[in-house]
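In our numbering, the protein residues as written are 74 to 524.
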């Protein structure tokens, strides 16, 4: 019967909605019910929370239930706690009829059909206040005052489980105020304050004591740490000195080895240098021996040449000397360009001509010496006398100033100076005679003829 009625009613509801006969607010719900032959009961057919559903005019009853959130001020005055202390407690609760849950909505419809919003709020308030009193009676003042969250959770839990059967959902519950007329809380605060002050003084004394003890321990630990640190530093210094000494020994050993190696290398280098020097000396000595041998050969040839006439020997020597110079120039010119070789040949020829001229001159001198003997010597001495006179008079010529002092007898001035110079010149033949044994005044010169 109910199913067939639902199938009949729903199309009618939709048609009436399109016609715009009745409307419902978003925060209200219409209850569509029918009366059956059974004992009176209400059967929910459809509800509306977010959409506007239209209630037809043919149902027997079409009441409305508010879905607004209700704020309740739950106040319990002079409720005795577990220890018999009367206190007053005020709580704030938020609740509403649950429209989304069909079972809870059906229960609310059954419980509050035809009641206003105020009546529903009063029923919920009395229920909450009863649960609040019951929970206060099972707790002490200290538990309620100190742990408000626990008290609120217990009231919320108990009230929610009871009101849900009425279709009401408790959104929140908060303990707002706790007070008493016997100054129990004030005394409790004083006692707690005194206890806290006592604990604070005890804690301060203990803190000071512990601070002094900790300070002493800290000082002791500081001194111990300082001693340990000094010991560690001494050990580190000792290890450092030992390692440094070991390293110094190793470094000195390496330095000594390096210096010895350096000295050994220097000695080897010096030895090689000395060997090279000895080799140079050997070569020089060999060259000297060769030169000496050549000199001996030359002297032997020279001695052989001295058997001949002095002029021929002189000529022979000059020719050999010229030939040697020419040969030397030729050997040096071979390493140069052709122009230098031509120049060398010219110089060699000039030297040779000069040598021949000197040889002829020396030959003539030798013939003259052979013919005139002492006269030739005197002639040579006479040629050198002007040079000797020049050298004797050079100091006088270089004198810038001459001061002559006369004793009163004889010549003075330039005449005396000239006389002294002539006196020196007259002494010159005697000096030559003493040196050479030849009296140049008695020997006839080579170009003089006998009368």
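The C-beta atom is built at its ideal place from N, Cα and C for all residues, glycine as well.
A quick note: this is a predicted structure, and the numbers were derived from the prediction, not measured.
Asked, Found
"The alpha helix (DSSP H) enclosing residue 184, as first and last residue numbers", "175–185"
"Residue 402 beta carbon less than 8 Å from that of residue 421", "yes"
"Beta-bridge pairing of residue 243 - partner residues as DSSP gives them", "168"
"Residue nearest to residue 477 in terms of C-alpha spacing, selected from 491, 280, 467", "491"
"Contact between the region 197–214 and the region 150–170 (3+ Cβ pairs under 8 Å)", "yes"
"Close beta carbons around residue 29, own chain, < 6 Å, minus the five adjacent residues each side", "With the chain covering only 74 through 524, there is no way to say anything about residue 29."
"Between the CA atoms of residue 356 and residue 471 - distance to the nearest angstrom", "52 Å"
"Segment contact, 8 Å Cβ cut-off, at least three pairs: the region 145–163 with the region 204–219", "yes"
"Distance between residue 303 and residue 310 (C-alpha atoms, nearest Å)", "10 Å"
"Check whether residue 147 and residue 202 have beta carbons under 8 Å apart", "yes"
"Contact check, residue 232 vs residue 244, beta carbons under 8 Å", "no"
"CA nearest to the CA of residue 160, picked from 252, 176, 192", "252"
"Limits of the unbroken beta strand (DSSP E) element including residue 138", "137–139"
"Residue burial classification, residue 225 (beta-carbon count within 10 angstroms, cutoff 16)", "buried"
"Under the three-state DSSP convention, the category residue 394 falls into", "helix"
"Span separating the alpha-carbon of residue 237 from that of residue 176", "10 Å"
"N-terminal and C-terminal residue of the alpha helix (DSSP H) that residue 212 is part of", "Note, residue 212: premise wrong, no alpha helix (DSSP H); not H, not E."
"Exposed unless 16 or more other CB atoms sit within 10 angstroms - verdict on residue 120", "Here residue 120 scores only 40 on pLDDT, less than 50, and its place in the model should not be relied on; the value that follows carries that caveat. Residue 120 comes out buried."
"Beta-ladder partner(s) of residue 152, from DSSP", "160"
"Assigned exposure category for residue 320 - 16 Cβ within 10 Å defines buried", "exposed"
"Separation of residue 440 from residue 432, as counted between CA atoms", "12 Å"
"Separation of residue 271 from residue 246, as counted between CA atoms", "37 Å"
"Exposure of residue 218, with buried meaning 16 or more beta-carbon neighbours within 10 Å", "buried"
"One or two residues paired with residue 491 in a DSSP bridge", "Beta-bridge pairing links residue 491 to no other residue."
"For residue 257 and residue 285, believed in contact at Cβ under 8 Å, the rounded distance", "At roughly 41 Å, the Cβ-Cβ gap does not stay under 8 Å, so residue 285 and residue 257 are not in contact."
"Burial state of residue 250 (16 or more Cβ within 10 Å)", "exposed"
"Per-residue DSSP class, three states only, for residue 142", "coil"
"Given residue 145 as reference, the closest of 186, 158, 188, 192 once Cα atoms are compared", "192"
"Where residue 510 falls, given that 16 or more other Cβ within 10 Å makes a residue buried", "exposed"
"Classification of residue 376 by the beta-carbon crowding that lies within 10 angstroms, buried from 16 upward", "exposed"
"DSSP state of residue 254 mapped onto helix, strand, coil", "coil"
"Per-residue burial, residue 162 [other beta carbons within 10 Å of its own, 16 or more giving buried]", "buried"
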